[in-house]
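Reading through the structure tokens given below for one structure.
Protein chains in written order, with our numbering: chain A, 9 to 324; chain B, 9 to 324.
Structural data, given as structure tokens:
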């Protein structure tokens with residue numbers, strides 16, 4: 009097949025639009041699309057210091073390259089990367105090394121933050137004794153460290169590599185679970201003290217498009233999956249959406265649009281609440297005690313774990 | 009397995025509650041549940057004349073029995089049945105006969121309304137030449153005739169046999185399609201002139217539960233499927249929900265709850281609009297010309313079809 013825009017061979021068929029793209033036109037489409045998302049939602053504005061959550065996986069590696077290559081020419085912006093080392097044997101060590109290569113190549117500051125050094129236990133240890141799912145612990149401790157590190161290093165934005173597949177899964181899952189509060193929290197929120205505003209530049213492009221872009225640009229991408237990755241409910245929703253998208257291309261975009269259409273009314277019925285500071289650690293939370301501190305309290309009966317008092321990070 | 013309420017053998021495991029039911033306790037659960045739904049949403053109130061949409065299929069047969077056996081003792085209520093004969097060869101004739109048996113047995117008035125006698129063409133003829141899907145034509149003409157017959161026969165409510173499976177599929181489909189207007193219309197609406205208020209007494213019980221109830225009560229149920237039944241999108245959603253419900257029982261109930269949680273805000277952003285009378289036939293519509301008249305106009309170029317001027321129905 010030929011490209012819909014020129015005479016070159018196509019490398020990608022975008023099913024929802026019916027368009028074929030050659031390498032050059034796909035790269036150009038992708039960059040225009042993501043820059044458009046960033047502009048429309050004012051994700052990056054003059055004066056911003058953007059912390060990039062870089063795990064070393066395919067999505068965040070591509071995001072880091074994308075942001076630096078497209079925006080670091082601007083003198084009014086600053087970028088650095090944060091990698092959380094959760095302490096997962098046979099997995100995280102390799103991706104941390106990849107992350108270090110990426111930032112070395114791009115010449116940006118990079119900080120590695122270890123769950124073990126900050127809480128006294130690795131995720132592997134926590135999972136062994138905790139009653140919750142690995143992803144529950146990992147999500148809470150990772151977000152805690154990402155936000156705190158970004159803030160202490162004066163970031164104004166925290167960029168994550170969530171793509172359209174991730175977003176549509178999360179939206180649908182919350183809708184199916186009647187979890188309208190969580191649904192409301194997916195709408196871009198106003199700024200809150202101590203909470204670095206999260207941005208998702210890839211939220212309007214498919215995971216497949218992120219990977220194709222990264223590969224066409226020649227980035228070294230690794231496809232290792234976390235050994236704890238299971239999330240049965242998300243997997244069911246993911247498979248359904250895959251099937252659905254195959255039959256009716258564009259449904260994932262529709263789901264994002266559903267949330268946007270509902271956002272005005274969700275803002276009225278589920279207004280964003282003001283955050284408190286956790287009574288134990290002082291980090292922002294909607295409760296009295298933040299979820300990380302609650303987990304630490306629960307886990308302390310089983311393993312040696314402690315509150316993260318002053319943040320420890322390693323500058324690469 | 010034994011019943012969770014007595015010492016008898018269980019005939020049904022309700023997966024979302026983990027409860028086992030013997031025949032007697034299942035019947036008692038089902039009747040309490042549906043009567044509760046009717047009461048909560050004020051579906052049937054004193055003075056109501058309820059038209060029951062009775063196709064002769066398993067769900068509407070069970071609904072007709074249920075309503076008559078549970079409510080016809082009340083002198084302040086009246087019931088009759090309407091069957092639409094769309095004109096579908098090798099299918100509808102049989103279910104119309106079953107419907108007649110049901111109303112004869114129950115001793116209620118029954119009206120059969122034919123698409124052919126009212127519009128001059130059968131659904132089979134329409135489908136042969138029309139460009140839309142069979143279900144698109146059928147849905148519009150059936151709803152037109154149901155509402156008009158119910159109103160001309162002085163009904164105050166029109167009861168349909170939609171169950172929890174139908175409702176959760178519709179809700180999810182509209183959400184996935186970003187069709188928030190249609191989502192809003194699934195919220196119980198206020199009364200509108202010329203539109204008989206539709207009620208769905210089975211909307212909070214599973215299709216499986218409707219069938220089990222009907223079989224335990226000894227109703228003669230037929231399981232024939234409409235030959236046009238395809239609806240690829242609904243089928244994908246249905247299969248997904250089946251799988252999902254199997255893994256996480258109760259998800260269909262969650263979807264209904266999602267809509268309820270969103271209903272307050274949908275009422276604000278998508279208020280119910282006042283209906284007009286169709287310029288051609290006078291029936292209620294949100295447009296200038298109703299969808300049935302639009303279809304007639306389109307189809308007139310292909311087949312002999314006419315506006316339904318005065319309604320024709322056959323009293324059984």
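Note that beta-carbon positions come from the ideal geometry of N, C-alpha and C, so glycine has one too.
Predicted model, so just to flag it, every value in this text is computed and none were measured.
CA nearest to the CA of residue i, picked from the options
i                     : options                       : result
residue 308 (chain A) : A:280, A:134, A:113 and A:108 : A:134
residue 323 (chain A) : A:107, A:21, A:77 and A:53    : A:107
residue 210 (chain A) : A:301, A:283, A:61 and A:31   : A:61
residue 53 (chain A)  : A:9, A:29, A:161 and A:167    : A:167
residue 145 (chain B) : B:164, B:32, B:229 and B:130  : B:130
residue 165 (chain B) : B:302, B:114, B:203 and B:261 : B:203
residue 278 (chain A) : B:273, B:101, B:278 and B:277 : B:273
residue 276 (chain B) : B:65, B:111, B:184 and B:188  : B:188
residue 181 (chain A) : B:262, B:152 and B:298        : B:262
residue 320 (chain A) : A:153, A:311, A:179 and A:310 : A:153
residue 186 (chain A) : B:10, B:260 and B:226         : B:260
residue 178 (chain B) : A:176, A:184, A:179 and A:25  : A:184
residue 228 (chain B) : B:25, B:31 and B:66           : B:66
residue 151 (chain B) : B:300, B:318, B:312 and B:313 : B:300
residue 104 (chain A) : A:230, A:27 and A:23          : A:230
residue 327 (chain B) : B:21, B:88 and B:155          : Residue 327 (chain B) lies beyond the stretch modelled for chain B, which goes from 9 to 324, so this question has no answer here.
residue 77 (chain B)  : B:115, B:280, B:100 and B:285 : B:115
residue 138 (chain B) : B:86, B:304, B:318 and B:317  : B:304
residue 312 (chain A) : A:200, A:176, A:288 and A:127 : A:127
residue 11 (chain A)  : A:21, A:24 and A:29           : A:29
residue 256 (chain A) : A:22, A:13 and A:14           : A:22
residue 35 (chain B)  : B:80, B:15, B:112 and B:224   : B:224
residue 258 (chain B) : B:81, B:24, B:302 and B:44    : B:24
Beta-carbon neighbours of residue i, restricted to chain A and to distances below 7 Å
i                     : result
residue 185 (chain B) : 262
residue 274 (chain B) : 273
residue 325 (chain B) : A query on residue 325 (chain B) cannot be resolved here, the shown segment of chain B reaching from 9 to 324 and no further.
Contacts of residue i in chain B (Cβ-Cβ under 8 Å)
i                     : result
residue 188 (chain A) : 266, 269 and 270
Chain-ordered neighbours of residue i on chain B, where CB pairs are closer than 7 Å
i                     : result
residue 178 (chain A) : Under the 7 Å cutoff, chain B gives no residues; its nearest Cβ is about 14 Å from residue 178 (chain A).
residue 157 (chain A) : What residue 157 (chain A) touches in chain B: nothing, since even the nearest Cβ is about 35 Å away.
Proximity test, Cβ basis, 8 Å: residue i and chain D
i                     : result
residue 199 (chain A) : Of the protein chains in the structure, A and B, none is chain D.
If we count Cβ pairs, one from each stretch, closer than 8 Å, do we get three or more for the segment 60-74 of chain B versus the segment 209-228 of chain B? yes
Can we say the segment 54-64 of chain A touches the segment 29-40 of chain A, given the rule of at least three CB pairs closer than 8 Å? no
Quick one: which unbroken alpha helix (DSSP H) runs of 4-plus residues sit fully inside the segment 190-254 of chain A? Chain order, please. 215-224
Which residues, in order along the segment 241-265 of chain B, keep a beta-carbon less than 7 Å from a beta-carbon of chain A? 241, 244, 248, 251, 252, 255, 256, 259, 262, 263 and 265
When you check each C-beta in the segment 33-64 of chain B against every C-beta of chain A, which residues fall closer than 7 Å? none
Answer yes if the segment 166-179 of chain A comes into contact with the segment 205-216 of chain A, meaning at least three C-beta pairs across the two stretches below 8 Å, and no otherwise. yes
Entirely within the segment 114-185 of chain A and at least 3 residues each: give me those beta strand (DSSP E) ranges in chain order. 117-122 and 165-167
Restricting to runs no shorter than 4 residues, where is the alpha helix (DSSP H) found entirely within the segment 38-95 of chain A? 66-79
Do the segment 182-201 of chain B and the segment 261-273 of chain B touch if we need at least three Cβ pairs shorter than 8 Å? yes
Can at least three beta-carbon pairs, one atom from the segment 151-159 of chain B and one from the segment 224-240 of chain A, be found at a separation below 8 Å? no
Is it true that the segment 120-127 of chain B meets the segment 88-97 of chain B, where meeting means three or more beta-carbon pairs spaced less than 8 Å apart? yes
Inter-stretch contact at 8 Å, needing at least 3 Cβ pairs: the segment 243-250 of chain B / the segment 241-259 of chain A: yes
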